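Participant:
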Amino acid sequence: MTIDSLSQTIGLTPEQRTKITPAYTALNGVMKDAAARRQAIRQQMQASGFTPGQEPTPAQRAKFDSVRTEMQGFQAEADQWYAAIRNNLTPDQQTKIDALSKPMVFRPMGGGPRQ
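Every position in the sequence shown, counted from 1, becomes a number in the working numbering once 862 is added.
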């Protein structure tokens with residue numbers, strides 16, 4: 863979602879838009895960095911001969927754990943920027959932004975509900 867569409871969807875004032883733009887820009891940066899990292903990891907895994915659905919080797923399992931930790935770090939940073947945006951909104955605007963999909967860096971395996 864662009865800053866323009868977010869502004870229109872939740873009804874930002876010009877002052878609010880000025881306040882949240884740095885956090886919005888930072889959040890987008892985190893999301894782009896995480897996407898680039900996921901792509902690089904996917905390519906590394908394919909190059910290593912891993913096939914989804916196969917039982918991972920201990921080394922691959924360790925890599926998965928490392929990647930999960932790295933992605934959780936990206937998610938924590940994204941959550942901080944999202945909170946910074948949300949904290950500059952009125953209660954009505956917070957309700958509107960809460961109805962939108964929360965930025966997710968990755969979905970943990972396990973099939974839990976999406977937020």
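Just so you know, even glycine gets a beta-carbon here, dropped at the ideal spot from N, CA and C.
Note that the structure is predicted; figures quoted are calculated from it, not measured.
Got a sec? Which residues, its chain only, sit under 7 Å from Met933 by beta carbon, not counting five neighbours each side?
Facilitator: As a position in the sequence shown, residue 933 is number 71, starting the count at 1. These residues qualify, in order along the chain: Ala896, Val967 and Phe968.
Participant: Where does Arg969 sit, in a helix, a strand or coil, going by DSSP?
Facilitator: The sequence position of residue 969 within the sequence shown is 107, counting from 1. Here Arg969 sits in coil by DSSP.
Participant: Taking 8 Å as the threshold, find out whether the segment 937-949 comes into contact with the segment 886-906 through three or more Cβ pairs.
Facilitator: Yes, the segment 937-949 is in contact with the segment 886-906.
Participant: Give a single yes or no on whether Asp954 has its beta carbon closer than 8 Å to a heavy atom of the ligand NAD.
Facilitator: In the structure on display, the ligand NAD does not appear, and there are no ligands present to speak of.
Participant: Since Lys958 is in the alpha helix (DSSP H), which residue starts that stretch and which ends it?
Facilitator: As a position in the sequence shown, residue 958 is number 96, starting the count at 1. From DSSP, the alpha helix (DSSP H) with Lys958 extends over Pro953 to Asp960.
Participant: Suppose only complete runs of 4+ residues qualify. What are the alpha helix (DSSP H) ranges in the segment 904-959, listed by chain order?
Facilitator: Runs of the alpha helix (DSSP H) inside the segment 904-959: 920-948.
Participant: What residue range is occupied by the uninterrupted alpha helix (DSSP H) comprising Ser867?
Facilitator: By 1-based counting over the sequence shown, the position of residue 867 is 5. Here the alpha helix (DSSP H) through Ser867 covers Ile865 to Ile872.
Participant: For the candidate residues Gln901, Ala945, Asn949 and Ala909, whose alpha-carbon lies nearest to that of Val929?
Facilitator: As a position in the sequence shown, residue 929 is number 67, starting the count at 1. Val929 has its Cα closest to that of Gln901, out of Gln901, Ala945, Asn949 and Ala909.
Participant: Please state if the CB of Ala885 and the CB of Ala961 are separated by a distance shorter than 9 Å.
Facilitator: Position 99 of the sequence shown, counted from the start, is the residue given in the question as residue 961. Position 23 of the sequence shown, counted from the start, is the residue given in the question as residue 885. No, the Cβ-Cβ distance between Ala961 and Ala885 is not below 9 Å.
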